[in-house]
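**Student:**
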Ligand SMILES: Nc1ncnc2c1ncn2[C@@H]1O[C@H](COP(=O)(O)OP(=O)(O)O)[C@@H](O)[C@H]1O
Ligand SMILES: Nc1ncnc2c1ncn2[C@@H]1O[C@H](COP(=O)(O)OP(=O)(O)O)[C@@H](O)[C@H]1O
Ligand SMILES: [Mg+2]
Ligand SMILES: [Mg+2]
Ligand SMILES: [Mg+2]
Ligand SMILES: [Mg+2]
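Chains as they are written, first to last, in the working numbering: chain A, 130 to 335; chain B, 130 to 335; chain C, 2 to 332; chain D, 2 to 332.
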């Protein structure tokens, strides 16, 4: 189990993951989108870092603040999408003292279902749902927390990779139809980075 | 002696000389000016060709019409400059039936002094005066017409080449001061083409 | 990247400072630094709000002013404003008669507007929306709901803003704006890519000697890449695409807008418009009013868009109403 | 060359067709196809005429209209109009009160205007001239007569046009225009070269990562080439150059104009203006009015110019007078 109050280092690892991949995410988005995904994500995550790096906060509170910054200061598509995911996950987890497989599943599941209230995308539509949804599923099976986290990472990576052959149905790239195949989805890629760094950050405490 | 009425082929040779050097004159002007000299000259000379290629006209009349097109349809610096040179030369020569060294000198001298009424540039100021003025001087000495024309060509070429080391005093490039040295003057270059093709055109009748 | 910048991450806020200072007679700040408000707003009218990503100057804030939009929410470059900014824009524009939110069909804007409308409802403000989808190149005709909003949004704001200024109810304003966009079609041709300041290099390429037909305002690829054409040929291609879609036909009265994408010299836009006008005349389409200039741009992209709106008596009156904004002033 | 063109040799005539169609409420044709005339001209006033090469949109024809220029002579790209065009522009503008010809200091324009003024005199029309020389980068201060006219010409037209509209005599109009330009200083920074359509490639280069300080509107080299700076640094450099020259000092009231050179996104001009405004404020210089946009361009060049005019009561009144042209509309 991982203590909710140990959230800071996990959140900062997530921040670093996005910052280091700013250019890469921009490139991925540039191929079939408008190229700003790295920039938007980096800006939001860096504002969070700037504002909270000298504060202490729990995992759930950190997620909430990060989501709120994306939602109320960044906008774009990522504001409502990641804003909803993080804030809904945080609300589902704010009362946990300790977080294990079941608790993390509860949180991410809440994020996913919050997202599904605002977007219509399903698995297979070449969006970040293709990363998040299998990652949540990987947490459903009872396993020790560390194995679960490794499975979650694998599921997220597989989900991201599968977006490569898909045709985009939502977002900017949807207009490309067949021309959208052959490259990863930007949101699926950033979501994979987020879930991976989150898992790595938690594992440091296990 | 060359018959004034045989002017057409001489004028068309001058036109061809400018057309073939359109890009080159643009490059020369581009180095220390605004790069439009080839374009402006080509446009004016081509309008003349278009309008008069199916007509007959004397050397003096051809010069007048060409000058008038530059003056009243092209504008820029070349409109008043070449317009004045050609129209004043034409007026000085309209009554000649035959044109030899002395007559051509009279004509070009009139053109040069007309020009000097509207611009202040003297020999050494890096303008087309550096080509035209020595060319007129070359015609002053009594020689057979053909030798005179060859001398005129040589003087024009020398004059043009000398502009390379000069510092521009008038026109756009004057603002460059010392930075204007090292390249030919665009107007001196086009003026040399005009005088050379004019001489070549006349020599075909000698 | 040969650009005039400080830290690219702050460009939107810095731009707003300069914009508000320059146009202080037309617009003013609000408590939300990402919401700009018109100085002169008639009393007791329906609020008219827009918003969108930055980098499209004069869009979106350039259309805030008397008889057009009352407020605009401002996003990052090429990125939707936040739901919070849209909400504040609604609050600033609301005079108790309801608010018409007139914006373009992009997934970010759709999500943020939707959330803001919900939040506004909770605060007792009625917001209705019209989503511009005038770009014929962005989806086939049987999927109108997927099409992007591009320069046709200007006609939507003009019509909606005028209707509100003339005292229309919320439903009338929404009706006028919807009618405007339903009668509007656009298409763009891109000649060069554009560079997001924070990215530093273009995120797509247009090969020298080719052009991207149907390009979007963020460089979204269009219908086809073909060889660079003359202005006359481009005009024909654009008119053919746009006129066939509505369709615009003999006897129709229209408003025409030719916008540059940012870096194309305005001189060339007039050359293009002259060709377009000749083609419309040949088709018997009557131009009531035309606009040529940089009305809706994509940073420093080269190229142009054509927008045509079919007019009836109501739309004609709305288009003709005087307006004073940074992007469009009409007596 | 990614441009919208037919035969580049005809671009000016084609542009004029498109321009005249679009702005038929503001301008009209004349018998000389290279002379454009304002639709609304007050009776019995002094004529105000300008003219210059094409490729600087909105200059020059974009400043023809009520309370500004009555006519403009139109030249080829970057090339003076003919003397014949200037003469016809004088004739169209003359109402028996004389004509003020307000133009920029370029040798082609000087020659053609001089000849046209002589020809006009023979026809009984009195023409007096003011030659703009606001570009501080184009010659040292002791050779003011050699300096180029750049975006400061807009203030000269504004002042001269307003004076004429208010019923000033020819000498008063000339006096106001001269006062305006004498109190105006400009400087430009170029970031990319421009390409004349008929030439097909840039005729000079600006290396990526550098900028040409003091560039002219035809790409004429300036004072120095230095490393590309931030907007803040550019603003400082421009303000330092301009303010020292007049000089503009604490307590002075000024009008400020920041113009793009064609391809720089307008967003960035606002960023630059915001920095300039802060610097002026620090110096205690009071901005009465500011203009930011593409007011005087060089085809598709990137970069910007800064123009400052020192105001007295007369100039303030003249600058504030409403105006309606394609390039500048002011209520
Ligand atoms: N309607 C949508 N439903 C689900 N995901 C979406 C939707 N729109 C965009 N996305 C996700 O957002 C990503 C793009 O994000 P970003 O580039 O930041 O925003 P934008 O598309 O507004 O420029 C896409 O790769 C996709 O994963
Ligand atoms: N004031 C002047 N006096 C003499 N010659 C001049 C003057 N101004 C320009 N020229 C000549 O004109 C040439 C440039 O012509 P062109 O490029 O066609 O005109 P512009 O300088 O207006 O672009 C110069 O190379 C020079 O020879
Ligand atoms: Mg994107
Ligand atoms: Mg030249
Ligand atoms: Mg975006
Ligand atoms: Mg020139």
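Built from N, CA and C at the ideal position, the CB exists for glycine as well.
#1: Within this structure, are the beta carbons of residue 171 of chain D and residue 127 of chain D separated by less than 8 Å?
#2: Say whether the region 33-42 of chain D touches the region 67-77 of chain D, bearing in mind that this needs 3 or more beta-carbon pairs closer than 8 Å, one atom from each stretch.
#3: Are the beta-carbon atoms belonging to residue 106 of chain D and residue 133 of chain D less than 8 Å from one another?
#4: So, using beta-carbon positions, are residue 201 of chain A and residue 85 of chain C closer together than 8 Å?
#5: Is residue 80 of chain C near ligand 1, judged by its Cβ being under 7 Å from some heavy atom?
#6: Which runs of the beta strand (DSSP E) spanning at least 3 residues fall entirely within the region 194-278 of chain C, listed in chain order?
#7: Looking at the secondary structure, which residues open and close the beta strand (DSSP E) in which residue 72 of chain C lies?
#8: Near ligand 3, which residues have their beta-carbon closer than 5 Å to a heavy atom?
#9: Looking at the structure shown, is residue 228 of chain A part of a helix, part of a strand, or coil, going by DSSP?
#10: Would you tell me roughly how many angstroms separate the C-alpha atoms of residue 237 of chain D and residue 190 of chain D, rounded to the nearest one?
#11: Going by C-alpha to C-alpha distance, which of C:301, C:2, C:239, C:64 sits closest to residue 273 of chain C?
#12: Pull up the distance between the alpha-carbon of residue 311 of chain A and that of residue 82 of chain D, whole angstroms please.
#13: Cα separation between residue 242 of chain C and residue 197 of chain C?
#14: Below 7 Å, is the gap between the Cβ of residue 57 of chain D and the nearest heavy atom of ligand 6?
#15: Below 8 Å, how does it come out for the region 243-254 of chain A and the region 144-155 of chain A: are there three or more Cβ pairs, yes or no?
#16: Using beta carbons (cut-off 8 Å, strictly below), is residue 80 of chain D in contact with chain B?
#17: Does residue 18 of chain D have its Cβ less than 8 Å from a Cβ in chain C?
#18: Using the rule of at least 16 other Cβ atoms within 10 Å of the residue's Cβ for burial, across every protein chain shown, is residue 248 of chain D buried or exposed?
#19: Per DSSP, residue 136 of chain D is paired with what?
#20: Based on Cα-Cα distance, which residue from B:249, B:219, B:199 lies nearest to residue 211 of chain B?
#21: Taking the beta strand (DSSP E) that residue 123 of chain C falls in, what are its first and last residues?
#22: If you check the beta carbons only, do residue 161 of chain D and residue 103 of chain D fall under 8 Å apart?
#23: Compute the Euclidean distance between the alpha carbons of residue 115 of chain C and residue 256 of chain D, then round it to the nearest angstrom.
#24: Which residues does DSSP pair with residue 51 of chain C in a beta bridge?
#25: Could you give the distance in angstroms between the alpha-carbon of residue 326 of chain A and the alpha-carbon of residue 258 of chain A?
#26: Please list, in chain order, the chain F residues whose beta carbon lies closer than 9 Å to that of residue 305 of chain B.
#27: Ignoring anything shorter than 4 residues or poking outside the region 139-182 of chain A, list the alpha helix (DSSP H) runs there in chain order.
#28: Does the distance from the C-beta atom of residue 182 of chain C to that of residue 64 of chain C stay below 8 Å?
#29: According to DSSP, is residue 289 of chain B helix, strand or coil?
#30: Within 8 Å of any Cβ in chain C, is that where the Cβ of residue 305 of chain D sits?
#31: Using a beta-carbon distance below 8 Å, is residue 37 of chain D in contact with chain C?
#32: Who are the neighbours of residue 204 of chain D on chain C, taking C-beta pairs under 9 Å?
#33: Is there a Cβ of chain D sitting closer than 8 Å to that of residue 12 of chain C, yes or no?
#34: Are the CB atoms of residue 289 of chain D and residue 312 of chain D within a distance shorter than 8 Å?
#35: Got a sec? Which residues, its chain only, sit under 7 Å from residue 58 of chain D by beta carbon, not counting five neighbours each side?
**Tutor:** So, from the data block:
#1: Reading the fourth chain from its first residue, position 170 is the one you call residue 171 of chain D. Reading the fourth chain from its first residue, position 126 is the one you call residue 127 of chain D. It is a contact, given that the beta carbons lie within the stated cut-off.
#2: yes
#3: Residue mapping note: residue 106 of chain D aligns to position 105 of the fourth chain, counting from 1. Residue mapping note: residue 133 of chain D aligns to position 132 of the fourth chain, counting from 1. Yes. Within cutoff.
#4: Position 72 of the first chain holds residue 201 of chain A. Position 84 of the third chain holds residue 85 of chain C. Cβ distance < 8 Å, so residue 201 of chain A and residue 85 of chain C count as in contact.
#5: Here residue 80 of chain C refers to the residue found at position 79 of the third chain. For ligand 1, at least one heavy atom lies less than 7 Å from the Cβ of residue 80 of chain C.
#6: 211-214, 225-228, 254-261
#7: If you number the third chain from 1, residue 72 of chain C lands on position 71. 72-78 is the span of the beta strand (DSSP E), which, as asked, contains residue 72 of chain C.
#8: A:158, A:162, A:163, A:165, A:166
#9: Here residue 228 of chain A refers to the residue found at position 99 when the first chain is read from its first residue. In the three-state scheme derived from DSSP, where H, G and I count as helix and E and B as strand, residue 228 of chain A is classed as strand.
#10: Along the fourth chain, one-based indexing puts residue 237 of chain D at 236. Along the fourth chain, one-based indexing puts residue 190 of chain D at 189. Cα to Cα, the separation comes out at about 12 Å.
#11: Here residue 273 of chain C refers to the residue found at position 272 when the third chain is read from its first residue. The option with the nearest alpha carbon to residue 273 of chain C is C:239.
#12: Counting from 1 along the first chain, the entry for residue 311 of chain A is found at position 182. Counting from 1 along the fourth chain, the entry for residue 82 of chain D is found at position 81. Separation of residue 311 of chain A and residue 82 of chain D (C-alpha to C-alpha, rounded to the nearest whole angstrom) is 55 Å.
#13: To locate residue 242 of chain C, count along the third chain from 1; it is residue 241. To locate residue 197 of chain C, count along the third chain from 1; it is residue 196. If you take the alpha carbons of residue 242 of chain C and residue 197 of chain C, they lie about 29 Å apart.
#14: Taking the fourth chain and counting its residues from 1, the one referred to as residue 57 of chain D is at position 56. No, Cβ of residue 57 of chain D sits at least 7 Å from all heavy atoms of ligand 6.
#15: Taking a contact to require three or more Cβ pairs closer than 8 Å, the region 243-254 of chain A and the region 144-155 of chain A do not qualify as touching.
#16: Looking up residue 80 of chain D in the fourth chain gives position 79. Cβ-Cβ to chain B under 8 Å: yes for residue 80 of chain D.
#17: The sequence position of residue 18 of chain D within the fourth chain is 17, counting from 1. At least one chain C Cβ lies under 8 Å of residue 18 of chain D.
#18: Residue numbering aside, residue 248 of chain D sits at position 247 when the fourth chain is read from its first letter. So residue 248 of chain D counts as exposed.
#19: On the fourth chain, position 135 is the one that residue 136 of chain D refers to. D:187, per the DSSP bridge assignment.
#20: Here residue 211 of chain B refers to the residue found at position 82 when the second chain is read from its first residue. Measuring from the Cα of residue 211 of chain B, the nearest candidate turns out to be B:199.
#21: Locating residue 123 of chain C in the third chain gives position 122, counting from the first residue. Counting along the chain, residue 123 of chain C falls outside any beta strand (DSSP E), though it belongs to the alpha helix (DSSP H) covering 108-123.
#22: In the fourth chain, residue 161 of chain D corresponds to position 160, counting from 1. In the fourth chain, residue 103 of chain D corresponds to position 102, counting from 1. Against a cut-off of 8 Å, the Cβ pair of residue 103 of chain D and residue 161 of chain D comes out as a contact.
#23: For this step, residue 115 of chain C is matched to residue 114 along the third chain. For this step, residue 256 of chain D is matched to residue 255 along the fourth chain. Taking the straight line from one Cα to the other gives about 43 Å.
#24: Locating residue 51 of chain C in the third chain gives position 50, counting from the first residue. Partner(s): C:73.
#25: Mapped onto the first chain, residue 326 of chain A falls at position 197. Mapped onto the first chain, residue 258 of chain A falls at position 129. Each residue's Cα considered, the two are about 18 Å apart.
#26: Among the protein chains of the structure shown, namely A, B, C and D, there is no chain F.
#27: Runs found: 151-161, 166-181.
#28: Residue mapping note: residue 182 of chain C aligns to position 181 of the third chain, counting from 1. Residue mapping note: residue 64 of chain C aligns to position 63 of the third chain, counting from 1. Not closer than 8 Å, so no.
#29: Position 160 of the second chain, counted from the start, is the residue given in the question as residue 289 of chain B. Looking at residue 289 of chain B - three-state DSSP - the assignment turns out to be helix.
#30: Position 304 of the fourth chain, counting from 1, holds the residue named residue 305 of chain D. At least one chain C Cβ lies under 8 Å of residue 305 of chain D.
#31: Residue 37 of chain D sits at position 36 when you count from the first residue of the fourth chain. No, its Cβ sits nowhere closer than 8 Å to a Cβ of chain C.
#32: Here residue 204 of chain D is taken as the residue at index 203 of the fourth chain, counted from 1. Think of a sphere of 9 Å around the beta carbon of residue 204 of chain D: no beta carbon from chain C falls inside it, the nearest being about 16 Å out.
#33: By 1-based counting over the third chain, the position of residue 12 of chain C is 11. True, the Cβ-Cβ gap to chain D drops below 8 Å.
#34: Numbered from 1 along the fourth chain, position 311 holds the residue referred to as residue 312 of chain D. Numbered from 1 along the fourth chain, position 288 holds the residue referred to as residue 289 of chain D. Going by C-beta atoms, residue 312 of chain D is nearer than 8 Å to residue 289 of chain D.
#35: Looking up residue 58 of chain D in the fourth chain gives position 57. Cβ within range, chain order: 298.
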